[in-house]
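Written below as structure tokens is the structure these notes are about.
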Amino acid sequence: MGSLMLSFWFKEQSAGRRRVIIIGLAMLLAAVIINQLAQHLMAG
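Here you go:
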């Protein structure tokens, strides 16, 4: 996944690079939230 993001990063200009970073952070945040929800659902 990281290499895919890096390939987009090198193709983009400065404005696009910022968008790639934001998308990456959003995906990371979503993964953490889903992980936490899953742990609470399994424990409950």
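Residues in the sequence shown are numbered from 1 upward in steps of one, following our numbering.
Note that the Cβ used here is the ideal one computed from N, Cα and C, for glycine as well.
Keep in mind it's a predicted model, so treat the numbers as computed, not measured.
Contacting residues, own chain, Cβ-Cβ under 6 Å from residue i (five flanking each side not counted)
i	result
VAL32	none
Own chain residues within Cβ distance below 7 Å of residue i, not counting five before or after
i	result
TRP9	ARG17 and VAL20
Beta-carbon proximity of residue i to residue j, cut-off 8 Å
i	j	result
ARG24	MET42	What sits at residue 24 in the sequence shown is Gly, not Arg. Result no, Cβ atoms of GLY24 and MET42 do not sit closer than 8 Å.
Through-space distance from residue j to residue i, alpha-carbon basis
i	j	result
ARG2	MET27	Before going further, note that residue 2 is Gly rather than Arg in the sequence given. Cα-Cα distance, rounded: 11 Å.
HIS40	LEU29	17 Å
ALA38	GLY44	10 Å
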